[in-house]
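Chains as they are written, first to last, in this note's numbering: chain B, 1 to 222; chain G, 223 to 444.
Where a beta carbon is used, it is the ideal one built from N, C-alpha and C, also for glycine.
The model shown is predicted, which means the values in this text are computed figures rather than measured ones.
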């Protein structure tokens, strides 16, 4: 690609988009994202009448319908070996990062086995220097990585959980939340910032050091 | 407690035990564990005809049947305030750690919201110095924390995933696996050690630095 796409829609091979994820996917399509499927992720796309621009994987979770749709759309597919020391999801993310994409909307990360789900959620952290934003979409929530600053838009009453994913998060301030914080410290594993609520339409998360995963459950998606 | 119990069975308020988790719970009962319920975890126990020795929580996920069973068994329950800056699960874990328990079999950690599930799995890391072993049981897998050495018992063909939960894991060697490793390094988020397989009835994991969550899917539990 000579021009890097501004947004990559990465479809992993977990649970296909439903509920909030499906709504958000439809909205994101208007931004003409670069669509990448990790193996069976192409099955979920085919069910929505979509084909990826790029298909990466070993083919072992790909169904006939998706493969036929990709072929008909002229999407090249060279299966990776099945015996390899990385997942299809990592191969797909790595390929798009090589193409210069820095903003990711990730679908199909949840569902499937616990190991796949955790692996998918943590995967971007192995490539931290190479992207600007990653948001995962699930049936009732969206989850975004935060490295110090985030503004959340929602409705008062929305549940928001913040999970530390570094050994510590320091200087943490929350505004626009029912339980605000001012320069607090929280540790990996602590539940201090779980199950907070928005108290305003716009809320602010700021911290000095660390990594958090912000999980937002919009009440209107229930 | 004058003598600290050797094993604590901690029942959280997620998905009640089924499949592998239910089998393992029945086996563990023979060891007469100290049983602790975090709020609605007592509901899952009541369905199995069990009552906890200790019930900790704010009561908002506890049903009448479980509460009645606890009262009948003489289990004291002083509800925590609903507005608090930690989860019922953290309160329960903390209470048992204060009682000197250092080995935990955790049920009900999975299912429920993504934030609860991640929060439950990461929770022990906030108290790392105060326990020796933590194993989570799910319907088709068990997941244990490892800080450098573990021996796994299973059958050739069992799927085993190892997830780094520290920024890096160094000097990682795997023996008794289909894809062995010798003094390798892997990073948080990397999929190098996902979806390996046992090649023997006994396998060995060793590393020099870091934290891993080992998720074992015994083929015979499927």
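**Study point:** Proximity of residue 364 of chain G and residue 250 of chain G at Cβ, strictly below 8 angstroms
**Key:** Within the second chain, residue 364 of chain G is the residue found at index 142, counting from 1. Within the second chain, residue 250 of chain G is the residue found at index 28, counting from 1. No, these two residues do not count as a Cβ contact at 8 angstroms.
Review point. Going by C-alpha distance, which of G:376, G:374, G:385, G:381 is nearest residue 411 of chain G?
Key: The sequence position of residue 411 of chain G within the second chain is 189, counting from 1. Considering only alpha carbons, the answer is G:385.
Review point. Secondary structure at residue 61 of chain B, three-state DSSP: helix, strand or coil?
Key: Taking the first chain and counting its residues from 1, the one referred to as residue 61 of chain B is at position 61. Here residue 61 of chain B sits in coil by DSSP.
Exercise for review: Enumerate, from N- to C-terminal direction, the unbroken alpha helix (DSSP H) stretches of 4 or more residues contained entirely within the stretch 78 to 120 of chain B.
Suggested key: 88 to 98
**Study point:** Residue range of the unbroken beta strand (DSSP E) whose run includes residue 194 of chain B
**Key:** To locate residue 194 of chain B, count along the first chain from 1; it is residue 194. Careful: residue 194 of chain B lies outside any beta strand (DSSP E) and carries neither H nor E.
Check your understanding: Can you name the residues of chain B whose CB is closer than 8 angstroms to the CB of residue 346 of chain G?
Key -> By one-based count along the second chain, residue 346 of chain G stands at place 124. Correct list: 189.
Point to revise | Beta-ladder partner(s) of residue 230 of chain G, from DSSP | key: Taking the second chain and counting its residues from 1, one reaches residue 230 of chain G at position 8. DSSP lists G:256, G:326 as partners of residue 230 of chain G.
**Study point:** Proximal chain B residues relative to residue 319 of chain G, where beta-carbon distance stays under 7 angstroms
**Key:** Indexing the second chain from 1 puts residue 319 of chain G at position 97. By Cβ distance, chain B contributes nothing, its closest Cβ being about 13 angstroms from residue 319 of chain G, past 7 angstroms.
**Study point:** Complete beta strand (DSSP E) runs within the stretch 131 to 177 of chain B (minimum length 3 residues, chain order)
**Key:** 133 to 137, 142 to 146, 149 to 153, 159 to 164, 168 to 175
Exercise for review: Just tell me which of G:400, G:259, G:404 has its CA closest to the CA of residue 391 of chain G.
Suggested key: For the purposes of this step, residue 391 of chain G is taken as residue 169 along the second chain, with counting starting at 1. It is G:404.
Practice item. Could you name the residues of the same chain whose beta carbon sits closer than 7 angstroms to that of residue 159 of chain B, not counting the 5 residues immediately before and after it, in chain order? Key: Mapped onto the first chain, residue 159 of chain B falls at position 159. Excluding residues within five positions, the ones whose Cβ falls inside 7 angstroms are 195, 197, 217.
Exercise for review: Could you tell me the distance, in whole angstroms, from the CA atom of residue 32 of chain B to the CA atom of residue 73 of chain B?
Suggested key: Stepping through the first chain from its first residue, residue 32 of chain B is reached at position 32. Stepping through the first chain from its first residue, residue 73 of chain B is reached at position 73. Distance between the alpha carbons of residue 32 of chain B and residue 73 of chain B: 16 angstroms.
Exercise for review: Would you list the residues sitting across from residue 215 of chain B in a DSSP beta bridge?
Suggested key: For the purposes of this step, residue 215 of chain B is identified with residue 215 of the first chain, where counting begins at 1. Its beta-bridge partners are B:143, B:161.
Point to revise | the stretch 89 to 119 of chain B: positions lying closer than 8 angstroms to chain G by Cβ | key: 89, 90, 110, 113, 114, 115, 116, 118, 119
Review point. What residues of chain B sit near residue 365 of chain G, judged by a beta carbon separation below 8 angstroms?
Key: One-based indexing of the second chain puts residue 365 of chain G at position 143. 114, listed in chain order.
**Study point:** Three-state secondary structure assigned by DSSP to residue 249 of chain G
**Key:** Working through the second chain from its first residue, we reach residue 249 of chain G at position 27. Note: residue 249 of chain G maps to helix in three-state DSSP.
Review point. Would you say residue 163 of chain B faces chain G, with C-beta separation under 8 angstroms as the test?
Key: For the purposes of this step, residue 163 of chain B is taken as the residue at position 163 of the first chain. At least one chain G Cβ lies under 8 angstroms of residue 163 of chain B.
**Study point:** Presumed contact (8 angstroms Cβ cut-off) between residue 88 of chain B and residue 38 of chain B, rounded CB distance
**Key:** On the first chain, position 88 is the one that residue 88 of chain B refers to. On the first chain, position 38 is the one that residue 38 of chain B refers to. About 4 angstroms; that satisfies the 8 angstroms criterion.
Review point. Taking Cβ positions only, does residue 137 of chain B come closer than 8 angstroms to chain G?
Key: In the first chain, the residue the question calls residue 137 of chain B occupies position 137. No, its Cβ sits nowhere closer than 8 angstroms to a Cβ of chain G.
Point to revise | Cα-Cα separation, residue 223 of chain G to residue 339 of chain G | key: Start at 1 with the first residue of the second chain, and residue 223 of chain G comes out as number 1. Start at 1 with the first residue of the second chain, and residue 339 of chain G comes out as number 117. Note that residue 223 of chain G scores a pLDDT of 45, beneath 50, so its modelled location is shaky; the value from the coordinates is reported in the next line. Distance between the alpha carbons of residue 223 of chain G and residue 339 of chain G is about 30 angstroms.
**Study point:** residue 300 of chain G, buried or exposed, once every other Cβ within 10 Å from all chains shown has been counted against 16
**Key:** The sequence position of residue 300 of chain G within the second chain is 78, counting from 1. Exposed, because fewer than 16 other Cβ atoms sit within 10 Å of the Cβ of residue 300 of chain G.
Point to revise | Rounded straight-line distance, which links the Cα of residue 44 of chain B to that of residue 123 of chain B | key: Within the first chain, residue 123 of chain B is the residue found at index 123, counting from 1. Within the first chain, residue 44 of chain B is the residue found at index 44, counting from 1. Spanning the two alpha carbons is a distance of roughly 20 angstroms.
**Study point:** C-beta atoms of residue 287 of chain G and residue 268 of chain G nearer than 8 angstroms
**Key:** The residue given as residue 287 of chain G occupies position 65 in the second chain. The residue given as residue 268 of chain G occupies position 46 in the second chain. Yes, the pair counts as a contact, with Cβ atoms nearer than the cut-off.
Check your understanding: CA-CA distance, residue 192 of chain B and residue 431 of chain G?
Key -> Position 192 of the first chain, counted from the first residue, corresponds to residue 192 of chain B. Position 209 of the second chain, counted from the first residue, corresponds to residue 431 of chain G. Distance between the alpha carbons of residue 192 of chain B and residue 431 of chain G is about 27 angstroms.
Practice item. Please determine if the stretch 323 to 339 of chain G and the stretch 200 to 208 of chain B are in contact, where contact requires at least 3 C-beta pairs separated by less than 8 angstroms. Key: Contact between the stretch 323 to 339 of chain G and the stretch 200 to 208 of chain B is absent, because fewer than three Cβ pairs lie under 8 angstroms.
Practice item. Return the residues of the stretch 208 to 222 of chain B that lie within a Cβ-Cβ distance of less than 9 angstroms from chain G, sorted by chain order. Key: If you check each beta-carbon in the stretch 208 to 222 of chain B against every beta-carbon of chain G, the ones closer than 9 angstroms belong to 213, 215, 217.
Point to revise | Residue(s) in a DSSP beta bridge with residue 425 of chain G | key: As a first step, residue 425 of chain G is located in the second chain; it is residue number 203 there, counting from the start. In the DSSP output, where bridge partners are listed per residue, residue 425 of chain G has G:374.
Review point. Quick one: is residue 417 of chain G near chain B, going by C-beta distance under 8 angstroms?
Key: Position 195 of the second chain, counting from 1, holds the residue named residue 417 of chain G. Cβ-Cβ to chain B under 8 angstroms: yes for residue 417 of chain G.
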